[in-house]
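Visitor: Residue numbers (the numbering used here): 770 to 1013. Glycine included, C-beta positions come from ideal geometry on N, C-alpha and C. Everything numeric in this text was worked out from a predicted model, so none of it was measured. What follows is a single structure, and I will ask about it in a moment.
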Amino acid sequence: MPAVPGPPAPPSPAAAPLLTPVAGRAPRSRRHSVGIWWLALTALAIAVVAPLPYLTETLDRLANEDADLAANYADRPAWVQAFFYTHIVAAGIALFLSPLQLSGRIRRRAPRLHRATGRVVIVGIFIGGAAGLVLSPMNVADEIGFAGFGALALLWLTFAAAGLRAILHGDVAAHRRWMLRAFAMTYAAVTLRLWLLILVPAIGDFRDAYVFVPFLCWVPNLIVVELVLRRSGTARAQLRPQSG
């Protein structure tokens, strides 16, 4: 008489962690979407709005209207002003296009668009970062600004170069990690202004408040990205089948 097959065996304890996160996936997905939209909209807003006064008015006129940042560059030599305009335009383009690089849907459905905008973003970072490095000794925050903005420019260039090198060698995972770090630096244009919205009213003076932003504008960004990368790396490790 043939043996009657018994009921299927229950899942092993090792498989349980792979099944339990399903219930919480939707809320996490919603939070992820909200975060991406926040990053995208704030990046687009600053990329469009922040350079506008400098592209429509002269530095002298803005300085007379009590624009403290413009006043710092209004009396500088022409070559310094040229680097200033180069920085805000190139960095603005990189910031404007970076949200497209964050979209997994665009990467999957329009890879050519992803690659084309990625090239423009990297060129914008190289130009904007180099100009920012030149300008770092001449910023409003003096020595603190030189250290903070100088480090920002160097890391921005380094991360973008590492991301470019990784994709040229076919290492997509490393490319994404480096470009996320580069985005943390790019997004400093947004966080700098958010910090100033808090610090200027709290301290009462633009220049006194500005001393805090050369590091505040990018260090927390980079910490968040590193935590995200570590968390995603841990999650991938947990999902890999374990031998033994």
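Would you decide whether W987 is buried or exposed? Buried here means 16 or more other CB atoms lie within 10 Å of its CB.
Guide: buried
Visitor: Can you give me the Cβ contacts of L996 inside the same chain, cut-off strictly under 7 Å, excluding the 5 residues immediately before and after it?
Guide: Shown here for L996: not one same chain residue has a beta carbon closer than 7 Å to its own, the five before and five after excluded.
Visitor: When you compare the stretch 944-963 with the stretch 923-931, are there three or more beta-carbon pairs, one atom per stretch, that lie closer than 8 Å?
Guide: yes
Visitor: Less than 8 Å separating the beta-carbons of G897 and A957?
Guide: The answer is no: Cβ separation not under 8 Å.
Visitor: So what's N908 in DSSP terms, helix, strand or just coil?
Guide: Secondary structure of N908 (DSSP, three-state): coil.
Visitor: Which ranges does the alpha helix (DSSP H) cover as unbroken runs of at least 4 residues, wholly within the stretch 856-912, from first to last along the chain?
Guide: Listed in chain order, they are 873-878, 880-904.
Visitor: Return the residue from the list P868, T855, F915 that minimises the CA-CA distance to W807.
Guide: P868
Visitor: Starting from the C-beta of L813, find all residues in its chain whose C-beta is less than 7 Å away, skip the five residues before and the five after it, and write them out in chain order.
Guide: F865, P868
Visitor: Quick one: what's got a C-beta closer than 7 Å to D829's C-beta in the same chain, skipping five residues either side?
Guide: Taking D829 as the centre and dropping the five residues before and after it, the same chain places the C-beta of A843 closer than 7 Å to its C-beta, in chain order.
Visitor: Count the other CB atoms within 10 Å of the CB of H856; is the residue buried (16 or more) or exposed (fewer)?
Guide: buried
Visitor: Would you report the Cα separation of G919 and D911, rounded to the nearest angstrom?
Guide: 11 Å
Visitor: When we look at the beta-carbon of P820 and count the other beta-carbons within 10 Å, is it buried (16 or more) or exposed?
Guide: buried
Visitor: Considering only the alpha carbon of each residue, which of F975, E834, V892 lies closest to V858?
Guide: Out of F975, E834, V892, V892 has the C-alpha closest to the C-alpha of V858.
Visitor: Assign G1015 to buried or exposed, taking buried as 16 or more other Cβ atoms, counted over all protein chains shown, within 10 Å of its Cβ.
Guide: Shown here, the chain extends from 770 to 1013; a query on residue 1015 therefore has no answer.
Visitor: Identify whether P822 lies in helix, strand or coil by the three-state DSSP scheme.
Guide: helix
Visitor: Where does Y842 sit, in a helix, a strand or coil, going by DSSP?
Guide: If DSSP states are grouped into helix, strand and coil, Y842 belongs with the helices.
Visitor: Please list, in chain order, all residues of the same chain as V903 whose beta carbon is under 6 Å from its beta carbon, the five residues on each side excluded.
Guide: F852
Visitor: Would the beta-carbon of F981 fall within 8 Å of that of W964?
Guide: yes
Visitor: Between which two residues does the alpha helix (DSSP H) harbouring T955 extend?
Guide: 941-955
Visitor: Assuming P983 and I894 form a contact by the criterion Cβ under 8 Å, report the distance between their Cβ atoms to the nearest whole angstrom.
Guide: That belief does not hold up - the Cβ atoms of P983 and I894 are roughly 18 Å apart, past 8 Å.
Visitor: The alpha helix (DSSP H) that contains F981, what's its start and end?
Guide: That residue, F981, is in no alpha helix (DSSP H); it is neither H nor E in DSSP.
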